[in-house]
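Numbering (my numbering), first residue to last: 829 to 1135. So the structure is just underneath, and the comments pick up after that.
Below you can see the structure in the form of structure tokens.
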């Protein structure tokens, strides 16, 4: 009896091992690529929504410091030193060409890759645009999609892509409180708005970013607030609920999905993040408020100083 139980146990063990091996063989293969597109809180949220993405993890890459922390990376980013880390997202995705190109198309569309050591109002080399690849296929896809996107940016009046495309040397996971930050803190800062320029390669099957027509300046007031927003901006929706839906000021307020000034009007600089609220007087920008932190009084205090 004892011998029979041992034989049954061994047989069961072999059966389970075979089953696990079969499951592993049938599981879809995956690979990881490391992307940096500004503040990694918003970057992680954007890339995690791409079909085929299995897992995301924020961290640091591209620098020489082997023990990076959020504080040291931020400090180095503002120092102007060479070989500084960037805030990045390690993206694990289903290993096929279509998924990789979808992911890279979303990468290009969801930030402005022409800005050098900044992303919107976040300034420093830690916010630079980067692609750190681990395979030759990833390198080729990064270069291919960059070369596809550049002419579209040029036609839109934007500059040369500054994105670093380099082999990954090391990835250092960020502190636990940074992981999935915007899921834990839905009202947290994002800062990514993209350029509004759609990735032109339809083979990636990525829904292009809509490029809305600018407002007609002739139909607006002499003193006018314009809220520049995007369709996927959680903070824009909060601003509309907290401020716009209850707006009773004599100063007119309207919104737009365009990143351009109203036709015939003058804006001081490009819109880098959403929402951005610009105060115009006689067709010229006189002040702007970038972002919304969920505190209506903070915005109203700013506006009170302007008018």
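Beta carbons are placed, not taken as given, at the ideal position from N, Cα and C, and that holds for glycine.
Assign residue i to buried or exposed, taking buried as 16 or more other Cβ atoms, counted over all protein chains shown, within 10 Å of its Cβ.
i            : result
residue 807  : Beyond the ends of the chain as shown, which are 829 and 1135, falls residue 807; an answer cannot be given.
residue 910  : exposed
residue 861  : buried
residue 855  : Caution is warranted here: a pLDDT of 46 is assigned to residue 855, below 50, making its placement in the model unreliable, and the coordinate value is therefore given only provisionally. That one is exposed.
residue 954  : buried
residue 1078 : exposed
residue 1093 : buried
residue 908  : exposed
residue 950  : buried
residue 1112 : exposed
residue 850  : A caution first: residue 850 carries a pLDDT of 41, below 50, which makes its placement in the model unreliable, though a value can still be read off. It counts as exposed.
residue 1135 : exposed
Return the chain-ordered list of same chain residues with a C-beta closer than 8 Å to the C-beta of residue i, the five sequence neighbours on each side being excluded.
i            : result
residue 967  : 961, 993 and 995
residue 1116 : 1096, 1104, 1105, 1106 and 1107
residue 1080 : 1048, 1049, 1051, 1052 and 1053
residue 971  : 993
Cutting at 7 Å between CB atoms, please list the residues of its own chain near residue i, excluding the five before and the five after it.
i            : result
residue 934  : 874, 875, 878 and 1034
residue 1057 : 1064, 1083, 1085, 1102 and 1103
So the candidates are the options; which of them puts its Cα closest to the Cα of residue i?
i            : options                   : result
residue 1120 : 1022, 1043, 1014 and 1087 : 1014
residue 1131 : 1071, 941, 1099 and 871   : 1071
residue 1009 : 868, 857, 859 and 864     : 868
residue 997  : 1135, 923 and 889         : 889
residue 895  : 1026, 989, 1040 and 1003  : 1003
residue 870  : 1109, 893 and 948         : 948
residue 991  : 1042, 1122 and 865        : 865
residue 1024 : 1082, 1043, 937 and 971   : 937
residue 941  : 930, 956, 931 and 928     : 956
Looking only at its own chain, which residues have a Cβ that is under 6 Å from the Cβ of residue i, when we skip the five neighbours before and after it?
i            : result
residue 905  : 912, 952, 953 and 954
residue 1006 : 886
residue 1114 : 1107
residue 981  : 1025
From what residue to what residue does the beta strand (DSSP E) around residue i run?
i            : result
residue 1056 : 1051 to 1056
residue 874  : From DSSP, residue 874 is part of no beta strand (DSSP E) but of the alpha helix (DSSP H) over 868 to 876.
residue 999  : 999 to 1001
residue 957  : 957 to 961
Determine, using beta carbons only, whether residue i comes closer than 8 Å to chain B.
i            : result
residue 1134 : This model lacks chain B altogether, as it is built from one protein chain only.
With residue i as the anchor, note down where its alpha helix (DSSP H) starts and where it stops.
i            : result
residue 972  : 964 to 983
residue 931  : 925 to 937
residue 1124 : 1124 to 1134
Just checking residue i against the ligand COA - is the residue's beta carbon closer than 7 Å to any of the ligand's heavy atoms?
i           : result
residue 920 : Here there are no bound small molecules, and the ligand COA is not part of this structure.
- Query: Are there three or more Cβ pairs, one per stretch, closer than 8 Å when the region 1046 to 1053 is compared with the region 946 to 962?
  - Reply: no
| Quick one: any contact between the region 967 to 976 and the region 879 to 896, if contact means 3 or more CB pairs under 8 Å? | no
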